[in-house]
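In what follows, a single structure is set out as structure tokens and then discussed.
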Amino acid sequence: MATPSSQKAHNNQGKSLSFDPSKEAYKALSLLLDKVSLIGLTLGTLAFVASFLRVTSEGWSVNIIADTIFFAAIVVLILLRKQIPILAVVLVLLFLVFISAITNFLTLGLATISFLILAACCVLAGVVFRIQVGLILLAFSVIIISGIGIAAHYSLLSFPVNFEEYLNAPQTWMTQIAGYVAFTILMLIIIGSIQTRLSATLNQVVKQSAELKSSLKERDTLLKELYHRTKNNMQVIYSLLGLQASYINDKDVLNIFKDIQSRIQAMSLVHQKLYESTTLSKVNFKDYTRELFDLLIKSYGGPPDSINLIVEIPDLYLTIDSAIPCGLILSELFSNSFKYAFPEQSRGIIKIRACKDKNKKIDIIYSDNGIGIPGGFDFRKSESLGVQIIYALSEHQLQGKVEFDSSKGITCKISFTDTLYQERL
Amino acid sequence: MTKRQRYDIDILLVEDEAITAVMLQKALREYGYKVRKPAATGKEAILRVKEKKPDIILLDINLPGDIDGIDTAHVIFTDHEIPIIFMTGYSNQMTIERSKPLNPLAYLIKPVTVDEIDEVIISSLEIHADK
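Just so you know, the protein sequences line up as chains A and B, in that order.
Just so you know, we're using the numbering used here here: the first sequence kicks off at 1 and counts up by one.
Just so you know, we're using the numbering used here here: the second sequence kicks off at 1001 and counts up by one.
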């Protein structure tokens, strides 16, 4: 049979490789901003209160307005950071800090703090956008500061406090600007070098992550292929037995063939359910039970509505190591009920309950309301292959317990702990 | 439906898995249907239909080669609207959607029993007779 998974494998791998490093970096930046913004808001509030008290006491009205607008804008930006694109938030923040620093030059004069704020703006622009953007901002700020200096020197503008002493000696502010330029360029070079190294590391991580995803996808595809082929091979064995059985007239031999076919179907269905499961490692036991019932009642030739199946199983998922023996046990019990419990086409009920406690102990209780077995029958001494299989699988393979009760129909309780086998996937 | 009536129904079986194909062919013949030598690929199925139009096509979806069962059915449908019963190992919503325009008689999940196929054929004939 052609394998659907192999046909899709190529496409799936293509999908897993479409890993966009810029998107990943963008996500990382958003995450960083999210973490930093709350700390920034707290520190910013403290700085604003201190600054506001100072500028109020000094009576610098331009600063009061600028600080208030600046602070309000930052609060709004931080609160709306999830709705606004991250780059827009950074751009507006940069603009506000830049304007705030320039305002400081107009009121405080060529204060070192203003130079530091401007340098921070240039470095941030270099980090977030590109080093070239930082350099352009640096050049722009130098033009503005020089313009203010020249305007003040030639008394084209009137400035408040502390300004004249700088402007009386132009070489002083020129030196300051040169220092600012040198400091900012140095910072940009350092940041640029760190950024290049980080970018190389990030690219490597992204590449490795893409390779890992691709290899996981490949593993899933191969595993699905394996389940699919195992199921198909079992179906071929089932069909071969069916073909061979068609040459047999002896009813007893035919029944033996049918029993073997049921066991193969029970195992084959585990592989089908594993193929269909999202984890590829566990089987939904409730779905499995229903589907096994549907398959077996068909193969035993009974009308599907002659036996009513009641399944009371919560979300119970079994690994392949537990699912195969449980499936085979159910197959034996179903086969027994279909063959002997309801003679002469009588209608019946099969009830299956299962539960798992916090210690991972699983109880599966199977019962039918059929004719049962005469009192005093010792199941453990039974020579029936079906009963021997149930004991072997429950006690030997699952290391659990089996209890039979034939007082009212047949009830079989299997108990085992789901910790014997480690999850393999 | 009697064996005699079933013999009037010519089935083309398209299944790449030889043992499954032989088993279905044998079992369908035992029920009385006229079943030709099964086709293993979509291309082979298209050729068989061109040679002689069957009454029903029993078509596996996952076939080897360039075209799968549904594509095969689409090609056949351009010339002949033959009733189709699809068979597949796994029910997949996308595959079901792809097969909808072909209005198949049934979409059977493997392992398929001859009882199921017989039931589908009988009920489709009854619907046909009612019309």
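Virtual Cβ for every residue (Gly too), placed ideally from N, Cα, C.
Can you name, in chain order, every residue of its own chain whose Cβ lies under 6 angstroms from the Cβ of residue i, other than the five neighbours on each side?
i       : result
A/Y300  : F338
A/R430  : Because residue 430 of chain A is not part of the residues shown, which for chain A are 1 to 425, the question remains open.
A/V161  : Caution is warranted here: a pLDDT of 49 is assigned to A/V161, below 50, making its placement in the model unreliable, and the coordinate value is therefore given only provisionally. Around A/V161: no qualifying Cβ.
A/L79   : none
B/V1112 : M1087
A/K351  : I310, S367
B/M1001 : I1122
Distance check for residue j and residue i, CA to CA, integer angstroms please.
i       : j       : result
B/K1043 : B/T1072 : 7 angstroms
B/I1061 : B/E1081 : 18 angstroms
A/H228  : A/G134  : 58 angstroms
A/F71   : A/F48   : 7 angstroms
A/Y391  : B/E1017 : 36 angstroms
A/L296  : A/I264  : 11 angstroms
A/I443  : A/L316  : Residue 443 of chain A lies beyond the residue range present for chain A, which begins at 1 and ends at 425; the question has no answer from this structure.
A/K15   : A/K213  : Unreliable positioning characterises A/K15 in this predicted model, as indicated by a pLDDT of 39, which lies under 50. A coordinate reading is not provided.
B/R1048 : B/A1040 : 11 angstroms
A/I248  : B/S1124 : 33 angstroms
B/E1126 : B/I1046 : 28 angstroms
A/D418  : A/L198  : 46 angstroms
B/E1051 : B/H1074 : 17 angstroms
A/K358  : A/S281  : 21 angstroms
A/Q195  : A/I65   : 36 angstroms
Here's the rule I'm using: 16 or more other beta-carbon atoms within 10 Å means buried, otherwise exposed. How should residue i be labelled?
i       : result
A/I310  : exposed
A/G400  : buried
A/G375  : exposed
A/D259  : buried
B/M1023 : buried
A/L53   : exposed
B/L1028 : buried
B/I1057 : buried
A/E211  : exposed
A/R130  : exposed
A/T201  : exposed
B/T1020 : buried
A/M174  : exposed
A/M234  : buried
Assuming residue i and residue j are in contact, meaning their beta carbons sit under 8 angstroms apart, how far apart are those beta carbons, in whole angstroms?
i       : j       : result
A/V270  : A/I320  : 6 angstroms
A/I389  : A/F342  : With a Cβ gap of about 22 angstroms, A/I389 and A/F342 do not count as contacting.
B/K1034 : B/I1009 : 6 angstroms
A/Y275  : B/Y1031 : About 31 angstroms; that fails the 8 angstroms criterion.
A/F377  : A/S335  : The Cβ separation is near 18 angstroms, so there is no contact.
A/L77   : A/V89   : 5 angstroms
Enumerate in chain order the residues of its own chain whose CB-to-CB distance from residue i is below 8 angstroms, with the five nearest sequence positions on each side excluded.
i      : result
A/F416 : S322, K361, I362, S394, L398, Q399, G400, K401
A/I113 : N104
A/T3   : Low local confidence applies: a pLDDT of 43 at A/T3 is under 50, so the model's placement there is unreliable, and no value is given.
A/D287 : K273
If you measure from the CB of residue i, is any heavy atom of the ligand ATP nearer than 7 angstroms?
i      : result
A/G327 : No copy of the ligand ATP occurs in the structure displayed, which carries no ligand at all.
Near residue i, what residues of its chain come up, given a Cβ to Cβ distance below 7 angstroms and the 5 sequence neighbours on each side ignored?
i       : result
A/I191  : V123, G126, V127
A/F183  : A119
A/I144  : I102
A/L241  : F257, I260, Q261
B/D1068 : G1042, I1061, N1062
B/Q1025 : L1013, V1035, P1038
A/L17   : Its pLDDT being 41, under 50, A/L17 is placed unreliably in this model, and the coordinates cannot settle the point.
message: Just to confirm the assignment: which complete alpha helix (DSSP H) runs, minimum length 4, are found wholly within the stretch 199 to 263 of chain A?
response: none
- prompt: Which parts of the stretch 1068 to 1095 of chain B are runs of the alpha helix (DSSP H), unbroken and 4 residues or longer, counting only runs that do not cross its ends?
  reply: 1069 to 1079
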